[in-house]
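>
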Amino acid sequence: MDFSFTDEQNRFRQEVRDFLEEEIKKEYWQPACDAWVQGFDTGFTKRVAQRGWIGLTWPKEYGGQQRSHIDRLILTEEMLRYGAPAALHWFGDRQVGGAILSFGSEELKKEFLPRIARGEAYFGLGMSEPGAGSDLASLQTKAIEDGDYYVINGQKTWASCASFAQYFDVYARTDPEAPKHRGISEFIVDAQSVGLSRIPMIDITGTEAWNDVFFDNVRVHKKYLVGEKNRGFYQVLHQLDYERSGMERLMGNYPLFEGVIRFAKDNKLSREASVRSKLAQLQIEFEVGRLLIYRVALVMEEGRAPNWESAMSKAYSTEFEKHLASVAMEILGPYGQLKSGSKLVPLRGMAAHSYLGSKGYSLQAGTTEILKNILAVRRLGLPSS
Amino acid sequence: MKFTLTEEQEMLRKTARDFLADKCSKKFVKQMEESEAGHSVELWREMAQLGWMGLVFPTKYGGGDMSFLDLAVLLEEMGRACLPGPFFSQVVLAGLPVLDIASEEQKQKYLPELIHGEKIFTLALSEPGYPNYGASTITTRATLHDGNYIVSGTKLFVPDAHIADYMLCVAGTKPRGGITIFLVDAKGPGINCTLLKTIAGDKLCEVVFDQALAPKANILGRLNQGRSAIQKIIERAAVGKCCEMVGNIQRVLEMTVDYAKERKQFGQPIGSFQVIQHYCADMATDVDAARFSTYRAAWMLSGGLPCTKEVAIAKAWIGQASQRVFALAHQIHGAIGVTIEHDLHYYTRRAKAADLAFGDADFHREIVAKEMGL
Numbered sequence: 001m002d003f004s005f006t007d008e009q010n011r012f013r014q015e016v017r018d019f020l021e022e023e024i025k026k027e028y029w030q031p032a033c034d035a036w037v038q039g040f041d042t043g044f045t046k047r048v049a050q051r052g053w054i055g056l057t058w059p060k061e062y063g064g065q066q067r068s069h070i071d072r073l074i075l076t077e078e079m080l081r082y083g084a085p086a087a088l089h090w091f092g093d094r095q096v097g098g099a100i101l102s103f104g105s106e107e108l109k110k111e112f113l114p115r116i117a118r119g120e121a122y123f124g125l126g127m128s129e130p131g132a133g134s135d136l137a138s139l140q141t142k143a144i145e146d147g148d149y150y151v152i153n154g155q156k157t158w159a160s161c162a163s164f165a166q167y168f169d170v171y172a173r174t175d176p177e178a179p180k181h182r183g184i185s186e187f188i189v190d191a192q193s194v195g196l197s198r199i200p201m202i203d204i205t206g207t208e209a210w211n212d213v214f215f216d217n218v219r220v221h222k223k224y225l226v227g228e229k230n231r232g233f234y235q236v237l238h239q240l241d242y243e244r245s246g247m248e249r250l251m252g253n254y255p256l257f258e259g260v261i262r263f264a265k266d267n268k269l270s271r272e273a274s275v276r277s278k279l280a281q282l283q284i285e286f287e288v289g290r291l292l293i294y295r296v297a298l299v300m301e302e303g304r305a306p307n308w309e310s311a312m313s314k315a316y317s318t319e320f321e322k323h324l325a326s327v328a329m330e331i332l333g334p335y336g337q338l339k340s341g342s343k344l345v346p347l348r349g350m351a352a353h354s355y356l357g358s359k360g361y362s363l364q365a366g367t368t369e370i371l372k373n374i375l376a377v378r379r380l381g382l383p384s385s
Numbered sequence: 386m387k388f389t390l391t392e393e394q395e396m397l398r399k400t401a402r403d404f405l406a407d408k409c410s411k412k413f414v415k416q417m418e419e420s421e422a423g424h425s426v427e428l429w430r431e432m433a434q435l436g437w438m439g440l441v442f443p444t445k446y447g448g449g450d451m452s453f454l455d456l457a458v459l460l461e462e463m464g465r466a467c468l469p470g471p472f473f474s475q476v477v478l479a480g481l482p483v484l485d486i487a488s489e490e491q492k493q494k495y496l497p498e499l500i501h502g503e504k505i506f507t508l509a510l511s512e513p514g515y516p517n518y519g520a521s522t523i524t525t526r527a528t529l530h531d532g533n534y535i536v537s538g539t540k541l542f543v544p545d546a547h548i549a550d551y552m553l554c555v556a557g558t559k560p561r562g563g564i565t566i567f568l569v570d571a572k573g574p575g576i577n578c579t580l581l582k583t584i585a586g587d588k589l590c591e592v593v594f595d596q597a598l599a600p601k602a603n604i605l606g607r608l609n610q611g612r613s614a615i616q617k618i619i620e621r622a623a624v625g626k627c628c629e630m631v632g633n634i635q636r637v638l639e640m641t642v643d644y645a646k647e648r649k650q651f652g653q654p655i656g657s658f659q660v661i662q663h664y665c666a667d668m669a670t671d672v673d674a675a676r677f678s679t680y681r682a683a684w685m686l687s688g689g690l691p692c693t694k695e696v697a698i699a700k701a702w703i704g705q706a707s708q709r710v711f712a713l714a715h716q717i718h719g720a721i722g723v724t725i726e727h728d729l730h731y732y733t734r735r736a737k738a739a740d741l742a743f744g745d746a747d748f749h750r751e752i753v754a755k756e757m758g759l
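Protein chains in written order, with the working numbering: chain A, 1 to 385; chain B, 386 to 759.
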């Protein structure tokens, strides 16, 4: 056992911190909660790419650095610590690039991976539909072969980063006769395609968090089929394991965590036993969650795809984030309800944002209930319900 | 970074698990709980022969020269088996402190008999009143008289004192603040030991020192300077208890999942019902989290790194996590789990005792708060 980082890893962490602190010093951006999914900044993404920090673990031939998954976790951990606006590249870096790498043709790898790594191709996800959430295999969007093309019709929803996406990773039914898990395929769809349209959806915090994405006879060339036809459901499960694996589930609101501790100290609230106890409990839960997430990276480092391990870390971590938001609201009292920009608002309104926004954390990328099903069946061997 | 055990540690785990499965049945545990000694001389001797008491001590005293992390693996297996007896007192509470602070002469004298299991050692630290851990609340006094110290005061929840040959006794030696650790003859005059009846059936005692003799030569470490040694003793004991608890709750998770697979209601295994599955998933998460936070603390302690915060995190976490695990384990087991016909109660009772030992979650949360600079 070894719970430490190597000198090289520590140097890398410091390098990332220096970079981010310099960015903040130059006032390029302000640390914000949820910035990994809501902070869109082309300049930032470009500067991160220039350092080789997108696609860090990918092979060099596709623009990656062939670094370890621990290095990538260190990188993302620091991005989240500083609330950096990384949303433009986050999805391509975290999961779509990996999906192309695992399942895509050589042609697709060459077309997309170097561009993602250069910070020039932004991805959104086309998974959920109005009638297919937790039961993703029931999706109804259709892709019908027509010569060298597939013609896609249907509607996707809850598509994060969708306003800015240049491409969507879309799952559509290619065999309506097959059992529902065996008739789905994965496509890369250009967001500028004729027939593709987007309508923003506003979340409970007032943020444009998602889009509905409509496909009206969208023609996609066959070369943009990712992996095997009709294997899309198995590919999406694999991709979801990566989507759930990271530190963003624990540290999406880290600026609030840091902020509320500082607030309690500055205002002498931390002398009160109940405040001390609440904040210490958060610290305990945070550090425990961090270990669960490092375990996931260690699994990847062994060359295995994480499965129940990331289900566990994600289910755990989103509860932490909800708890953090609740404690922040309790400590701030009536000031906690004030929104960003209001007179008297503490912590730039992060508490109110996080309190409301965190309600969705245990829904996206697999509800906590679905994740616990995975744990029960895959980890514990309980019979499927 | 690596969260898995070495091959040698896996071998130690397997040896320990096999040995304890053979020698430490629940029938045996029950006998030990019901007996006054709570200790089998025969098993004790076998454990000494396996080198367990000496595992972490240098070879020059007869030990195995292994690390605290190796000991952590052994403690986990002991927790898994609900092992009764004074092993924890011997090694974690007394032996390692002796190794830390005793003079070379004292080590030469005491460690070989400790390692060979010839003598039983324990630690008399906590006292009546709340909270009862920490040097600041110690009222037991040792006063110098004719070149030796005379100890008076009451120690509480002293494990295995009734069978101990030696006790490390923590006493005040100055009017204000000076704390000294003495090694006293547990069977000497002026020491009165009363066995308490505990939920875990372990053997905790009230020990009254009434002008008991502590020779000056038996001061461990420096006179009046025991405070930092005590902090280390408590931290190590807390981690040791965490290790036992990890073994305990890991076993309870396995028992509960097995039961959920076997027990049928409404024509199917209850483990196929989502509510039971989610309870089990919650248990597994608590167990893994407890394991990682415990082993992180053990690894740091083993490497001599400062780990006050990490120890407190581990103990605070497992204190609460184990209670959640048991609430669900009992709910899933249903009524059979609250009888003495089923083994679950052995684990439930011990987990609560371990939670209370060396600081519960509240106690350790406050340490975390201090470490955060609150």
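Glycine residues also receive a C-beta, built at the ideal position from the N, C-alpha and C atoms.
#1: If we cut at 8 Å on Cβ distances, does E287/A have a partner in chain D?
#2: With C-beta atoms as the reference, is A549/B less than 8 Å away from A571/B?
#3: Comparing the C-beta of S537/B with each C-beta of chain A, is any distance below 8 Å?
#4: Closer than 7 Å by beta-carbon distance: list the chain B residues that pair up with Q283/A, in chain order.
#5: G350/B and A712/B: beta carbons closer than 8 Å?
#6: Distance cutoff 8 Å, beta carbons only. Does N373/A sit that close to anything in chain B?
#7: For A623/B, which of A466/B, G744/B, K411/B, Q491/B has the nearest alpha-carbon?
#8: Let me know if R51/A comes out buried or exposed under the rule of 16 or more other beta-carbons within 10 Å of its beta-carbon.
#9: Measure the CB-CB distance between A585/B and R735/B and report whether it falls below 8 Å.
#10: Is there a C-beta anywhere in chain A that falls below 8 Å from the one on D673/B?
#11: Are there 16 or more other CB atoms within 10 angstroms of the CB of A209/A, so buried, or fewer, so exposed?
#12: Can you pull the chain B residues whose beta carbon is under 9 Å from the beta carbon of R295/A, in chain order?
#13: Express the C-alpha separation of Q95/A and G632/B in angstroms, rounding to a whole number.
#14: Helix, strand or coil for C33/A per DSSP?
#15: Taking the beta strand (DSSP E) that V477/B falls in, what are its first and last residues?
#16: Rounded to whole angstroms, what is the Cα-Cα separation between L456/B and V441/B?
#17: If you measure between the beta carbons of L240/A and A143/A, is that distance less than 8 Å?
#18: When burial is assigned at 16 or more other CB atoms within 10 Å of the CB, is P544/B buried or exposed?
#19: List, in chain order, every chain A residue whose beta-carbon is nearer than 7 Å to that of F658/B.
#20: Give the range of the beta strand (DSSP E) segment to which Q491/B is assigned.
#21: Going straight from the alpha carbon of D34/A to that of E27/A, what length do you get?
#22: Taking beta-carbon pairs under 8 Å, can you tell me which members of the segment 79 to 102 of chain A lie near chain B?
#23: Chain A beta carbons: is any one of them nearer than 8 Å to that of A669/B?
#24: From the DSSP output, which residues share a beta bridge with M201/A?
#25: When the Cα of R621/B is compared with those of V555/B, M451/B, F473/B, K415/B, which residue comes out closest?
#26: F263/A: which of N253/A, V275/A, G252/A sits nearest, CA to CA?
#27: The alpha helix (DSSP H) with R295/A in it runs from where to where?
#28: If I measure Cβ to Cβ from L397/B and keep anything under 7 Å in the same chain, skipping five residues before and after, which residues do I get?
#29: Under 8 Å between the Cβ atoms of A614/B and D485/B?
#30: Closer than 8 Å, CB to CB, is D241/A near chain B or not?
#31: Candidates R526/B, L496/B, A433/B: which alpha carbon is nearest G470/B's?
#32: I think A311/A touches S354/A, with their Cβ atoms under 8 Å apart; what is that distance to the nearest whole Å?
#33: Give the C-beta separation of I284/A and W702/B to the nearest angstrom, bearing in mind that I take them to be a contact with Cβ-Cβ under 8 Å.
#34: Does R265/A come within less than 8 Å of chain B when only Cβ atoms are used?
#35: Residues of chain B with a CB under 8 Å from the CB of D2/A: which are they?
#36: Which stretch, first to last residue, makes up the alpha helix (DSSP H) that contains N633/B?
The relevant details are as follows:
#1: Protein chains A and B are contained in the structure displayed, whereas chain D is not.
#2: yes
#3: no
#4: Residues of chain B passing the Cβ test: V753, M757.
#5: Within the shown structure, residues of chain B are numbered from 386 to 759, placing residue 350/B beyond reach of any answer.
#6: yes
#7: G744/B
#8: exposed
#9: Yes. Within cutoff.
#10: yes
#11: buried
#12: In chain order: F388, D673, F677.
#13: 36 Å
#14: coil
#15: It is not in any beta strand (DSSP E) - V477/B carries neither H nor E in the DSSP assignment.
#16: Approximately 7 Å, taken between the alpha carbons.
#17: no
#18: buried
#19: S385
#20: Here Q491/B belongs to no beta strand (DSSP E); instead the alpha helix (DSSP H) covers 489 to 500.
#21: 18 Å
#22: Listed by position along the chain: nothing, the set is empty.
#23: yes
#24: W210/A
#25: F473/B
#26: V275/A
#27: 273 to 301 is the span of the alpha helix (DSSP H), which, as asked, contains R295/A.
#28: D455, V458, L459
#29: yes
#30: no
#31: A433/B
#32: Not confirmed; about 23 Å, so no contact.
#33: The distance from the Cβ of I284/A to that of W702/B is about 6 Å, consistent with a contact at the 8 Å cut-off.
#34: Residue identity differs from the one stated: residue 265/A is Lys in this sequence, not Arg. Answer yes: the Cβ-Cβ gap between K265/A and chain B drops below 8 Å somewhere.
#35: At a beta-carbon threshold of 8 Å, the residues of chain B lying near D2/A are M386, K387, W684, ordered along the chain.
#36: 612 to 647
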